[in-house]
Amino acid sequence: MKAAFVTFGCRLNRAESLDLEARYRAAGHEIIDLGGLRPVADNIPDLILVRGCSVTAKAQRDCEKAIAHLRTRFPTTEIRPIGCLPNAQSAGTTPASSMGTVPQIQGPVPMQTSRAYLKIQDGCNGKCAFCIVPHFRGSPVSVPFREIMVRTKAFLEAGYREIVLTGCNISLYKSDGHNLASLLGVLAELGADPVPARIRIGSLEPGRVCEAVLDVMEKHPNICRFLHLSLQSGSNRILKRMNRPYEITWAERFCTMARERLGPDLALGADVITGFPGETDEDFEATRAFLVRHAFSNLHVFPYSERPGTPAATMDSALPRAVRLVRARNLTALGRVQRAAFAQTFLGREVDVCVERGGEHGWTDAYLPCKWKGPAERRSLVRMRAIAVDGDTLLASAFNGSDPALFADRQVVARRVEAI
2 MKAAFVTFGC
12 RLNRAESLDL
22 EARYRAAGHE
32 IIDLGGLRPV
42 ADNIPDLILV
52 RGCSVTAKAQ
62 RDCEKAIAHL
72 RTRFPTTEIR
82 PIGCLPNAQS
92 AGTTPASSMG
102 TVPQIQGPVP
112 MQTSRAYLKI
122 QDGCNGKCAF
132 CIVPHFRGSP
142 VSVPFREIMV
152 RTKAFLEAGY
162 REIVLTGCNI
172 SLYKSDGHNL
182 ASLLGVLAEL
192 GADPVPARIR
202 IGSLEPGRVC
212 EAVLDVMEKH
222 PNICRFLHLS
232 LQSGSNRILK
242 RMNRPYEITW
252 AERFCTMARE
262 RLGPDLALGA
272 DVITGFPGET
282 DEDFEATRAF
292 LVRHAFSNLH
302 VFPYSERPGT
312 PAATMDSALP
322 RAVRLVRARN
332 LTALGRVQRA
342 AFAQTFLGRE
352 VDVCVERGGE
362 HGWTDAYLPC
372 KWKGPAERRS
382 LVRMRAIAVD
392 GDTLLASAFN
402 GSDPALFADR
412 QVVARRVEAI
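Numbering of the sequence shown is given in our numbering, commencing with residue 2 and proceeding in unit increments.
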């Protein structure tokens with residue numbers, strides 16, 4: 002059978018799709034690359050599995066439009082929605098298991114990516130006013146600790162040198178006496194020997210486990226100096242309306258502590274919603290000030306959109322969409338400025354980069370893009386020297402103690418450096 006995969010949404014969706022695709026390959030099915038949503042001449046798949054996303058109403062509409070488009074372009078192909086979509090069909094039995102709510106990560110290792118996506122948890126018991134995810138993902142379920150060990154060793158043996166932890170809410174991880182922090186410690190030790198590898202933490206919901214995570218990060222340098230918080234707002238009043246399980250004073254304390262303990266090379270990221278019902282100018286400015294104060298360099302900003310079935314969708318004091326969008330653009334622009342400024346701090350310094358497909362670009366420990374004249378081996382960790390900065394991108398040369406081949410023409414690089 003010829004099968005194709007289309008995936009929307011978060012890293013968790015990506016991890017699940019990659020695992021499922023690996024199972025299909027192992028079972029002898031041919032995998033067709035659709036090249037996005039374009040038809041493939043003379044090579045039509047028998048089955049297209051669409052892993053959808055319903056985190057917002059717009060995301061769900063985009064998925065539904067894509068499915069309709071696929072059905073038009075491939076009228077003889079079975080189009081099977083799976084994942085976080087209402088009425089999504091089960092993908093059937095192994096090897097077509099859709100993973101479901103209960104994590105099942107045994108099986109062949111996906112080899113289509115440069116970084117390994119390791120699902121450690123699924124589901125959430127939060128009752129955030131804006132969120133529909135628990136409706137689709139169910140209650141929290143953690144992947145058994147022993148299974149994670151088996152899977153991690155398989156990724157390392159397959160040549161992966163960066164492992165990204167994913168889940169619906171990884172802060173809730175609990176298995177065999179381990180929480181997220183202790184799991185991180187074990188994974189970091191696995192990645193330290195015999196061939197160095199690093200561990201990247203996925204999005205964290207603020208909570209007590211985060212401080213324990215700092216303890217482990219401080220001890221293990223191969224845990225990426227990158228923390229992405231599911232923050233949503235910098236205003237206590239809005240956090241309360243959102244029914245978030247923390248106050249901004251906690252996030253303030255955590256960010257300050259993280260900087261003090263992990264140093265200026267720590268990259269902070271955040272998810273932020275603008276224009277939530279009742280958000281005043283003062284609430285918005287509180288969020289903006291918080292992001293400036295702690296120099297967040299990786300912002301995912303979303304203008305609020307009503308998600309039918311959530312408490313927030315029927316709240317009073319809804320803001321005009323134009324206001325939501327203006328505020329989102331404001332914070333997005335702020336994020337670009339702060340990210341570029343953060344990138345500048347690495348100019349002239351050595352960075353370790355996980356090499357992506359093509360061998361001439363990759364990602365640093367602090368999740369900055371890096372380019373060079375290569376090639377380097379895909380999936381490897383290579384040491385580079387940042388010789389120039391273009392926006393948020395480091396332009397680098399190989400660092401091997403000799404005169405390296407520069408990223409670009411020496412005069413062009415010199416002009417870029419002089420302009421900084």
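Idealized CB from N, CA, C, for every residue including glycine. Fair warning: this is a prediction, and the values are worked out from it, not measured in the lab.
- The beta carbon of R350 is closer than 8 Å to those of R386, A387 in its chain, skipping five residues each way along the sequence.
- DSSP places G192 in the helix class (H, G or I) of the three-state scheme.
- Between I49 and T78 a beta carbon distance of about 6 Å is seen, short of the 8 Å cut, so the two are scored as contacting.
- About 5 Å separates the CB atoms of I33 and K3; that is less than 8 Å, so the two are in contact.
- Residues R289, L292, V293, L300 of the same chain have their beta carbon placed closer than 8 Å to that of L335, with the five preceding and five following residues left out of the count.
- In terms of CA proximity to C85, E65 leads the group A69, R74, E65, L71.
- For E219 and L230, the gap between their C-alpha atoms comes out near 18 Å.
- When secondary structure is reduced to three states using DSSP, E248 falls in the coil class, being assigned neither helix nor strand.
- For the set T57, Q233, I200, the Cα lying nearest the Cα of I133 is the one of T57.
- Note on G178: under 16 other CB atoms within 10 angstroms of its CB, so exposed under the neighbour-count rule.
- By the 16-neighbour rule on beta-carbons within 10 angstroms, A182 is buried.
- DSSP places R201 in the uninterrupted beta strand (DSSP E) bounded by 199 to 201.
- Listed in chain order, the non-local C-beta contacts of T281 below 7 Å within the same chain number zero, local neighbours out to five positions each way being set aside.
- If you ignore the 5 residues before and after L240, its C-beta comes within less than 8 Å of the C-beta of Q233, S234, Y247, E248, I249, all in its own chain and listed in chain order.
- Among the bridge pairs identified by DSSP, G84 is matched with G53.
- Per DSSP, reduced to three states, the secondary structure at K59 is helical.
- In the three-state DSSP reduction, S143 falls in the strand class (E or B).
- Spanning the alpha carbons of P304 and A271 requires a straight line of approximately 14 Å.
- DSSP places Q345 within a helical segment (H, G or I) once states are collapsed to three.
- Annotated three-state conformation of D216 is helix, per DSSP.
- N237 sits in a helix when the DSSP states are folded into three classes.
- Just measuring C-alpha positions, the residue of R24, D366, H362, A314 sitting nearest S398 is H362.
- Nearest to L269 by C-alpha distance, out of L184, E253, A296, is A296.
- When rounded, the separation of the alpha-carbon atoms in G124 and A389 is 42 Å.
- Judged by DSSP in its simplified three-state form, H301 adopts strand.
- Bridge partners of P370 according to DSSP: W364.
- Per DSSP, V110 lies in no beta strand (DSSP E) segment and is marked neither H nor E.
- Straight-line measurement puts the Cα of A27 at about 10 Å from the Cα of P111.
- For A27, the enclosing alpha helix (DSSP H) begins and ends at 12 to 27.
- Assignment of D284 by DSSP, reduced to helix, strand and coil, places it in the helix class.
- Around the beta carbon of Q345, fewer than 16 other beta carbons sit within 10 angstroms, so the residue counts as exposed.
- Burial state of M258 is exposed, judged by a 10 Å Cβ sphere holding fewer than 16 other Cβ atoms.
- Taking 9 Å as the cut-off, the Cβ atoms of L382 and V356 count as close.
- In the structure shown, A159 falls within a coil segment according to DSSP collapsed to helix, strand and coil.
- For A268, the beta-bridge partners assigned by DSSP are F227.
- The Cβ-Cβ distance between A159 and T311 does not fall below 9 Å.
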